[in-house]
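Numbering (our numbering), first residue to last: 119 to 719.
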């Protein structure tokens with residue numbers, strides 16, 4: 119058949135050599151993160167050599183490792199050996215999970231799903247190994263080339279690229295690492311079934327005129343007229359092409375048949391999927407909004423839908439946050455910015471809303487969010503890069519951060535201090551001054567670089583992931599869902615876990631392994647950033663004592679344990695802090711750098 123793609127053309131990246139390398143890399147990560155979360159206890163068998171036995175004692179893993187700050191296991195991937203008796207066995211991440219299934223505590227009914235996520239993560243890794251990019255090239259690449267060039271995914275989670283629901287052809291079309299342009303499907307959602315909300319000063323009509331060319335609007339209106347429908351009775355919204363084909367055209371067939379939901383066809387702009395996979399950057403018109411869509415695939419602990427109920431309050435939350443930032447001297451001085459989520463449409467399916475429990479993926483199958491693009495804010499000589507790129511190490515073992523520092527001409531510690539000033543300092547200020555916490559991992563932060571030096575950051579993924587950690591700050595009624603007072607034990611983890619353990623732990627290890635900085639230099643710079651902020655804000659001294667970031671120890675919060683407990687829904691987003699899995703404590707790497715004269719927790 120002319121034009122038919124042979125089935126084997128979907129999997130050229132799956133070769134024995136790449137599969138072997140992908141497994142070695144993932145086994146290394148699993149051994150490291152499972153040890154960090156104390157699911158396994160490696161035994162020393164020599165200088166820098168460790169062993170881990172399978173649950174039944176029949177299989178042994180041995181490897182060379184260095185244990186760094188925050189119990190970070192830096193394992194030499196090429197040193198890992200797996201044996202049964204005297205027989206060498208191949209490294210296989212699925213076999214590792216099976217060897218340790220009792221230690222990991224995963225339920226029998228969840229184990230096959232987790233193994234499927236592991237296999238999919240391996241396949242993604244093999245794809246990336248097929249066409250690797252050097253750290254030097256990536257450090258100077260443009261915004262979207264960097265976005266597609268990331269190889270790791272979330273640094274803590276072992277199964278971090280599951281994407282269950284995608285077929286092999288979907289992967290090649292829609293995975294961010296494929297970097298292929300996508301045209302979104304547009305639908306018309308009847309206003310009796312859909313809710314539009316927006317930021318102050320914006321309207322539905324203004325948004326649509328901004329996002330669609332006049333010719334596209336004319337074409338869509340003609341499609342509606344051909345069906346005897348008035349486009350003004352509907353909200354126009356883009357949806358993920360996979361979602362239309364696999365969910366909406368099937369699960370919403372009743373509303374499609376009754377013309378409550380009308381497919382208008384593809385939009386004209388090309389978009390690129392981002393690391394967050396359900397979010398798209400407009401490559402045809404970079405000044406236009408990001409589009410975040412519902413995508414009912416299972417990935418890293420959640421079905422990646424988008425709640426119509428949550429979307430309703432999203433612009434109000436962003437307006438409140440934007441006003442707070444604009445009025446704060448410290449945040450303005452740090453040039454701390456957010457990418458506002460300015461408008462949203464949620465579709466309400468009567469049957470699913472009447473039958474599915476709160477939080478169900480059935481409530482999250484059709485919603486769209488428009489987020490500001492960072493491009494219009496750029497000044498001369500500024501460029502953009504996902505902060506996840508700072509943790510990227512290429513196939514030759516060279517890190518992007520090392521290349522950036524070398525290109526900048528700055529001493530490594532000076533570069534690090536500049537970075538901490540624009541990233542860590544604003545987060546610490548928001549936490550102490552406002553009891554406000556973000557989810558500031560690499561994919562959620564965009565670095566603005568000038569001459570390869572971070573000069574400011576832009577935070578995204580706001581309304582679903584920020585939290586207000588007190589019961590007293592006034593909020594708009596629509597924003598009340600972000601309030602979670604937490605506790606004195608848990609609240610400091612917004613910095614100590616989310617920043618120190620889930621990002622700086624890895625950044626420190628990369629810089630140390632590359633010989634760029636020492637551990638002392640790294641954590642001294644972090645401590646100095648916190649201490650300098652605290653010296654400048656003496657009126658917050660009581661908060662500094664209550665939430666002591668220089669405490670000797672802090673609770674170990676375990677992300678893989680959350681996923682292993684329930685890899686289909688790790689936590690209820692409406693009640694996050696009470697569902698954390700805390701196991702023992704970690705020694706705080708900045709405790710020994712506590713400023714002289716400060717009280718000790």
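Quick reminder that beta carbons are idealized off the backbone N, C-alpha and C, glycines included.
Please read all numbers here as calculations on a predicted model, not as lab measurements.
Taking 8 Å as the CB-CB cut-off, is residue 221 touching chain C? Note that chain C does not occur in the displayed structure, where there is just one protein chain.
According to DSSP, simplified to helix, strand and coil, what is residue 398? The residue you call residue 398 lines up with position 280 of the chain shown. Strand.
Selected residue, minimal CA-CA separation from residue 705, among 278, 185, 380, 144: Stepping through the chain shown from its first residue, residue 705 is reached at position 587. In terms of CA proximity to residue 705, 185 leads the group 278, 185, 380, 144.
Quick one: residues in its chain with C-beta nearer than 7 Å to the C-beta of residue 634, no 5 flanking neighbours on either side, listed in chain order? By one-based count along the chain shown, residue 634 stands at place 516. 520, 523, 530, listed in sequence order.
Verify whether the separation of the beta carbon atoms of residue 677 and residue 513 is less than 8 Å. Along the chain shown, read from residue 1 onward, the residue named residue 677 stands at position 559. Along the chain shown, read from residue 1 onward, the residue named residue 513 stands at position 395. It is not a contact, given that the beta carbons lie outside the stated cut-off.
Going by DSSP, what residue range makes up the beta strand (DSSP E) through residue 459? One-based indexing of the chain shown puts residue 459 at position 341. Residues 459-465.
Can you list, in chain order, the residues of its chain with a C-beta nearer than 7 Å to that of residue 543? Leave out the 5 residues immediately preceding and following it. Sequence index remark: in the chain shown, residue 543 carries index 425 (1-based). Contacts found: 452, 647, 651.
Rounded to the nearest angstrom, what separates residue 655 and residue 280 at their Cα positions? Translated into the one-based positions of the chain shown, residue 655 becomes position 537. Translated into the one-based positions of the chain shown, residue 280 becomes position 162. About 44 Å.
Bridge partner(s) assigned by DSSP for residue 601: Along the chain shown, one-based indexing puts residue 601 at 483. Answer is 586.
Looking only at DSSP bridge pairs, what is residue 705 linked to? On the chain shown, residue 705 is found 587 positions in, with the first residue counted as 1. Residue 705 pairs with 671.
Please determine, among 386, 324, 661, 381, the residue with the shortest C-alpha to C-alpha distance to residue 345. Residue 345 sits at position 227 when you count from the first residue of the chain shown. Here the closest residue by C-alpha is 381.
Locate the beta strand (DSSP E) running through residue 319, then write down its first and last residues. Along the chain shown, read from residue 1 onward, the residue named residue 319 stands at position 201. Unbroken run through residue 319: none, as it is neither H nor E.
Compute the Euclidean distance between the alpha carbons of residue 664 and residue 609, then round it to the nearest angstrom. As a working mapping, residue 664 is identified with position 546 in the chain shown. As a working mapping, residue 609 is identified with position 491 in the chain shown. Residue 664 and residue 609: Cα-Cα distance of roughly 10 Å.
Which class does residue 179 belong to by DSSP, given the choice of helix, strand or coil? Along the chain shown, read from residue 1 onward, the residue named residue 179 stands at position 61. Here residue 179 carries a strand assignment [DSSP, helix/strand/coil].
Sheet register partners of residue 417 (DSSP bridge): Taking the chain shown and counting its residues from 1, one reaches residue 417 at position 299. Answer is 420.
Leaving aside the five residues before and after residue 234 along the sequence, list all residues of the same chain whose C-beta is less than 8 Å from its C-beta, in chain order. Taking the chain shown and counting its residues from 1, the one referred to as residue 234 is at position 116. If we look at residue 234 and ignore the five residues flanking it on each side, its Cβ neighbours are 280, 282.
For residue 408, list the residues DSSP reports as bridge partners. Taking the first residue of the chain shown as position 1, residue 408 is located at position 290. According to DSSP, which records beta bridges pairwise, residue 408 is partnered with 489.
Using the beta-carbon count (16 or more within 10 Å), is residue 390 buried or exposed? Numbered from its first residue, the chain shown carries residue 390 at position 272. Its Cβ being crowded by 16 or more others within 10 Å, residue 390 is buried.
Nearest to residue 212 (by Cα), restricted to the options 196, 230, 195, 486: Numbered from its first residue, the chain shown carries residue 212 at position 94. Out of 196, 230, 195, 486, 230 has the C-alpha closest to the C-alpha of residue 212.
From what residue to what residue does the beta strand (DSSP E) around residue 352 run? To locate residue 352, count along the chain shown from 1; it is residue 234. First-last of the beta strand (DSSP E) with residue 352: 352-357.
For residue 647, the first and last residue of its enclosing alpha helix (DSSP H): Walking along the chain shown from the start, residue 647 turns up at place 529. Looking at the DSSP string, the run of the alpha helix (DSSP H) that includes residue 647 is 637-654.
For residue 711 and residue 321, I'd like the C-alpha separation in whole angstroms. Taking the first residue of the chain shown as 1, we reach residue 711 at position 593. Taking the first residue of the chain shown as 1, we reach residue 321 at position 203. About 51 Å.
Kindly identify the DSSP beta-bridge partner or partners of residue 482. Translated into the one-based positions of the chain shown, residue 482 becomes position 364. Per DSSP, none; premise fails for residue 482.
Return the chain-ordered list of same chain residues with a C-beta closer than 7 Å to the C-beta of residue 275, the five sequence neighbours on each side being excluded. Position 157 of the chain shown, counted from the first residue, corresponds to residue 275. So the list reads 418, 677, 678, 681, once near-sequence residues are dropped.
Own chain, CB closer than 6 Å to residue 718, minus 5 neighbours either side, in chain order: As a working note, residue 718 is residue 600 in the chain shown. Confidence at residue 718 is low in this model, with a pLDDT of 45, below 50, so its placement is unreliable and no value can be given for it.
Considering Cα atoms alone, identify which of 569, 252, 463 is closest to residue 312. Taking the chain shown and counting its residues from 1, the one referred to as residue 312 is at position 194. Closest option to residue 312, Cα to Cα, is 463.
Span of the beta strand (DSSP E), counted from its first residue to its last, around residue 391: As a position in the chain shown, residue 391 is number 273, starting the count at 1. Taken as a continuous stretch (DSSP letters only), the beta strand (DSSP E) holding residue 391 covers 389-391.
If you draw a straight line from the alpha carbon of residue 228 to that of residue 535, how long is it in whole angstroms? In the chain shown, counting from the first residue as 1, residue 228 sits at position 110. In the chain shown, counting from the first residue as 1, residue 535 sits at position 417. If I take the Cα positions, the gap works out to 44 Å.
Taking the beta strand (DSSP E) that residue 168 belongs to, which residues open and close that run? On the chain shown, residue 168 is found 50 positions in, with the first residue counted as 1. Here the beta strand (DSSP E) through residue 168 covers 167-171.
So, are the CB atoms of residue 459 and residue 432 less than 8 Å apart? On the chain shown, position 341 is the one that residue 459 refers to. On the chain shown, position 314 is the one that residue 432 refers to. Contact: yes.
Starting from the N-terminal side, write out each stretch of the beta strand (DSSP E) that is 3 residues or longer and does not extend beyond the region 492-531. Within the region 492-531, the complete beta strand (DSSP E) runs of at least 3 residues fall at 500-504.
Of all the options 666, 636, 356, 317, which has the alpha carbon lying nearest to the alpha carbon of residue 581? In the chain shown, residue 581 corresponds to position 463, counting from 1. With distances taken between CA atoms, residue 581 lies nearest to 317 out of 666, 636, 356, 317.
Pull up the distance between the alpha-carbon of residue 574 and that of residue 455, whole angstroms please. Within the chain shown, the letter at position 456 stands for residue 574. Within the chain shown, the letter at position 337 stands for residue 455. Within the model, the alpha-carbon separation for residue 574 versus residue 455 is close to 8 Å.
Helix, strand or coil for residue 469? Go by DSSP, reduced to three states. For the purposes of this step, residue 469 is identified with residue 351 of the chain shown, where counting begins at 1. DSSP, reduced to helix, strand and coil, places residue 469 within a helical segment of the structure shown.
Taking all protein chains shown into account, do 16 or more other C-beta atoms lie within 10 angstroms of the C-beta of residue 605, making it buried, or fewer, making it exposed? Position 487 of the chain shown, counting from 1, holds the residue named residue 605. Exposed, by the Cβ-count rule.
With three or more C-beta pairs closer than 8 Å as the rule, is the region 259-270 touching the region 331-351? Flag = no, the region 331-351 and the region 259-270 do not touch.
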